[in-house]
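Below: the structure, in structure tokens.
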Amino acid sequence: YDPTIERYWRKELVVDDRPCRLELLLPSLGSATLPLPTADGRSTCAAVVLVYSIAWRFTFEALERYHERAVQVRLNAAGGAGEGAGTPLLVLIGTQCDRAAEREVPAEEGARLAREIGCAFFVETSAK
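Residue numbers (the working numbering): 2 to 129.
Structure (structure tokens):
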């Protein structure tokens, strides 16, 4: 893994018998902005998910740079109508909770940030 290289993945899925597209962006550490989540200029996203590693504080601190852009993406997806019906959810996920001995970001800090930025959901999890 090289944190200085931006990575982007797109996958077509079927969820509840409906086609959908999952777009995942791993911005580089030096990236100051996030692109819109759809290449065709119109957003149809249902959620914006911000992810950090509990074992790497710099990933948590980087969320401050991306939060404003995530809000723009959400409002764009809502057609500029503001918060409310049709506005994609904002979700915060702390990963690598299996690395508790290496924890640099307390769960309370993640929960506080989630409240401050208006996340509908906060969880810590692990792929293991």
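For each residue, glycine too, the CB sits at the ideal point set by N, CA and C.
Starting from the Cα of residue i, find the closest Cα among the options and give me that residue.
| i | options | result |
| --- | --- | --- |
| leucine 64 | Gly111, Leu23 and Arg22 | Gly111 |
| threonine 60 | Glu117, Val106 and Arg11 | Val106 |
| tryptophan 57 | Ala115, Arg19 and Ala101 | Ala101 |
| cysteine 98 | Gly119, Val15 and Lys129 | Lys129 |
| tryptophan 10 | Pro20, Glu69, Arg116 and Leu25 | Leu25 |
| arginine 116 | Asp18, His68 and Val15 | His68 |
| cysteine 127 | Arg104, Gln73 and Cys21 | Reading the sequence as shown, one finds serine at residue 127 and not cysteine. Of the listed residues, the one whose Cα sits closest to serine 127 is Arg104. |
Using 8 Å for Cβ pairs, my map puts residue i next to residue j. What's the rounded Cβ distance?
| i | j | result |
| --- | --- | --- |
| glutamate 125 | glycine 95 | 4 Å |
| leucine 51 | leucine 93 | 5 Å |
Suppose contacts are defined by Cβ-Cβ distances below 9 Å. Is residue i in contact with residue j by that definition?
| i | j | result |
| --- | --- | --- |
| arginine 90 | alanine 47 | It is leucine, not arginine, that sits at residue 90 in the sequence shown. Taking 9 Å as the Cβ cut-off, leucine 90 and alanine 47 qualify as a contacting pair. |
| alanine 108 | isoleucine 55 | yes |
Tell me whether residue i counts as near the ligand ADP, meaning its Cβ is closer than 8 Å to at least one heavy atom of that ligand.
| i | result |
| --- | --- |
| threonine 126 | As presented, the structure is devoid of all ligands, the ligand ADP included, so that no description of it is given. |
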